[in-house]
Amino acid sequence: DGGITQSPKYLFRKEGQNVTLSCEQNLNHDAMYWYRQDPGQGLRLIYYSQIVNDFQKGDIAEGYSVSREKKESFPLTVTSAQKNPTAFYLCAGGGAGNQPQHFGDGTRLSIL
Amino acid sequence: AQSVTQLGSHVSVSEGALVLLRCNYSSSVPPYLFWYVQYPNQGLQLLLKYTSAATLVKGINDFEAEFKKSETSFHLTKPSAHMSDAAEYFCAVRGSGGYQKVTFGTGTKLQVIP
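Protein chains in written order, with the numbering used here: chain S, 27 to 138; chain E, 2 to 115.
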């Protein structure tokens with residue numbers, strides 16, 4: 027089936043450690059997005075990419091990094107500089123013109 | 002600049018009662034508007050979207066929303082709540098023309114009481 031696949035479902039980070047969240051899509055979307063979701067705050071945009079080998083900072087990019095080497099893949103690295111990484115992370119694709127974004131099922135990141 | 006306000010972070014209705022979830026937006030350009038639903042530990046699923054073709058938009062599972070430009074509103078309704086409707090609902094706005102990022106509301110959790 028076509029869709030956005032995020033892995034792992036749950037992830038634990040130790041102090042000072044970088045962790046990478048995977049996002050893969052087979053919907054042929056040019057654009058992909060990473061959001062952070064905290065209770066009561068809705069979705070906040072971390073990074074987005076409109077095309078391969080290009081990406082832009084969103085509203086809360088500090089402490090995060092991304093790459094877009096392939097159209098199908100948009101991994102997010104949560105670096106040790108992100109002091110409050112505990113959240114639910116959502117990857118999305120699409121959203122061109124009047125089309126909605128398609129979302130993965132999320133990765134829940136916690137601190138050990 | 003654009004923004005979305007969802008009135009009421011929690012809404013409770015009885016099973017079979019009308020569901021009304023409120024969304025007001027601001028946008029400097031004609032907007033595209035979306036309602037999404039999220040079940041626990043899952044991603045967002047599209048319920049319906051407004052793209053200027055019709056002001057009354059019908060979505061999945063008998064949900065509908067009406068775009069009212071004069072009130073800058075896009076409230077979500079369902080005539081009769083079902084237990085399976087218990088979830089969190091997000092309103093989102095994107096401006097038309099070129100690349101415009103999507104802005105999400107803070108969400109409304111719907112509780113359905115048997």
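From the three backbone atoms N, C-alpha and C, an ideal C-beta is built for every residue, glycine too. The structure displayed is predicted, hence computed values, not measured ones.
Per DSSP, Gly-44/E is not a residue of any beta strand (DSSP E), being assigned neither H nor E. Contact annotation: in the region 116–131 of chain S, residues whose CB is within less than 7 Å of a CB in chain E are Leu-116, Gly-121, Asn-124, Pro-126, Gln-127, Phe-129, Gly-130, Asp-131.
In this structure the region 16–24 of chain E lies against the region 75–90 of chain E, because at least three pairs of beta carbons, one per stretch, are closer than 8 Å. DSSP places Ser-91/S in the strand class (E or B) of the three-state scheme.
Residue range 3–8 is occupied by the beta strand (DSSP E) that includes Gln-3/E.
One thing to note: Leu-53/S has its Cβ within 8 Å of the Cβ of Gly-29/S. Listed as beta-bridge partners of Ile-114/E by DSSP are Ser-15/E. Across the structure, Leu-8/E and Glu-88/S are spaced so that their CA atoms are roughly 30 Å apart.
When the beta-carbon positions are compared, Val-14/E and Val-103/E stay at least 8 Å from each other.
In the structure shown, the three-state DSSP call for Ser-106/S is coil.
In this structure the region 127–134 of chain S does not lie against the region 58–72 of chain E, because fewer than three pairs of beta carbons, one per stretch, are closer than 8 Å. The criterion of a C-beta distance shorter than 8 Å is not satisfied by Leu-116/S and Gln-43/S. For Gly-42/S, there are no neighbours in chain E by C-beta distance under 8 Å, as the nearest C-beta there is about 27 Å away. Taking 8 Å as the CB threshold, Arg-134/S lines the interface with chain E. Within the same chain, Cβ atoms closer than 7 Å to the Cβ of Ala-88/E are found at Val-38, Gln-39, Tyr-40, Leu-111, the five residues on either side in sequence being excluded. Neighbours of Gln-43/E in chain S, taken as residues at a C-beta separation under 8 Å, are given in chain order as Asp-131, Gly-132. Taking all protein chains in view, the Cβ of Leu-57/E is surrounded by fewer than 16 other Cβ atoms within 10 Å, so the residue is classified as exposed. Around the beta-carbon of Ile-77/S, fewer than 16 other beta-carbon atoms lie within 10 Å, marking it exposed. Among the residues facing chain E, Gln-67/S is included, as its CB has a counterpart in that chain under 8 Å away. Here Ile-72/S carries a strand assignment [DSSP, helix/strand/coil].
By the criterion of a C-beta distance shorter than 8 Å, Leu-69/S is surrounded in its chain by Tyr-61, Arg-62, Gln-63, Leu-116, once the five residues flanking it on both sides are discounted.
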